[in-house]
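Here's the structure, in structure tokens; my notes come after.
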């Protein structure tokens, strides 16, 4: 039994984030998301297809220690990221289709349009196709992530972080949109299409003007708990 309980608002936010990822096609049968509760604990969504979550409670998990019974093995990745990154308040583990396609060739998208700039120069690649079910593997994914906003896992989706769950979900959508554009440009063989410069990408990667909030509003529109997370 954990030494802390998540509030109703925190539980609702995790459920909303899971459903938002599902509605956007960023997860399917597999995927999960979590919220940092404090220095020692996280709240992860129920171990079921994220888009099918209704009122099922998430599970409180220690950031350092064994996973509680029933918690998915890949939640070890969340633990390792929170343990290393005090700036991370939320983690989304997703299966974005275009990100997945590029990753099978060892490619992650470069910043060619606005959404891609949040991962400039490009998201790092965890170059291992195996499922992450052990602590050493999870440590490797977290170390590969480093200080980036996302790490792509070869043939196995992505892990995206944010200061909030709203941010992590929005950045997951941005990563997939960057991959969509990357796939399209490569398919059209537009050899003159270059990535943005580091300077341009840094200027464009802003969160001012409610960039995150508007994307969250879009992805969570019509959710069954739309007002619960702010109760």
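Residue numbers (the UniProt record's numbering): 1 to 231.
Cβ coordinates follow ideal geometry from the N, Cα and C atoms, glycine included.
Counting the other Cβ atoms within 10 Å of the Cβ of residue 137 gives 16 or more, which makes it buried.
Ranked by how close their Cα comes to the Cα of residue 220, the residues 4, 5 and 12 have 12 in first place. In this structure, DSSP gives residue 180 a helical state, which the three-state scheme calls helix. Contact annotation: residue 124 and residue 176 have beta-carbon atoms that are not nearer than 7 Å. Judged by DSSP in its simplified three-state form, residue 147 adopts coil rather than helix or strand.
The segment 141 to 151 makes no contact with the segment 178 to 189: fewer than 3 CB pairs, one atom from each, lie closer than 8 Å. Following the DSSP letters along the chain, one finds residue 22 inside the alpha helix (DSSP H) bounded by residues 8 to 23. Remark: C-beta atoms of residue 90 and residue 144 do not approach each other more closely than 7 Å. 7 Å or more divides the Cβ of residue 74 from the Cβ of residue 161. The segment 105 to 114 makes no contact with the segment 51 to 66: fewer than 3 CB pairs, one atom from each, lie closer than 8 Å. Nearest to residue 99 by alpha-carbon distance, out of 181, 29, 140 and 206, is 181.
Here the C-alpha atom of residue 56 lies approximately 16 Å from the C-alpha atom of residue 30.
Comparing alpha-carbon positions, the option among 192, 40, 222 and 167 lying closest to residue 210 turns out to be 167. Counting the other CB atoms within 10 Å of its CB gives residue 202 a total below 16, which places it among the exposed residues. The criterion of a C-beta distance shorter than 7 Å is satisfied by residue 41 and residue 4. Out of 6, 19, 120 and 200, the CA that lies nearest to the CA of residue 179 is found in 120. Per DSSP, the unbroken beta strand (DSSP E) holding residue 32 starts and ends at 32 to 36. In the DSSP assignment, residue 118 falls outside any alpha helix (DSSP H), carrying neither H nor E. The three-state secondary structure of residue 162, taken from DSSP, is strand.
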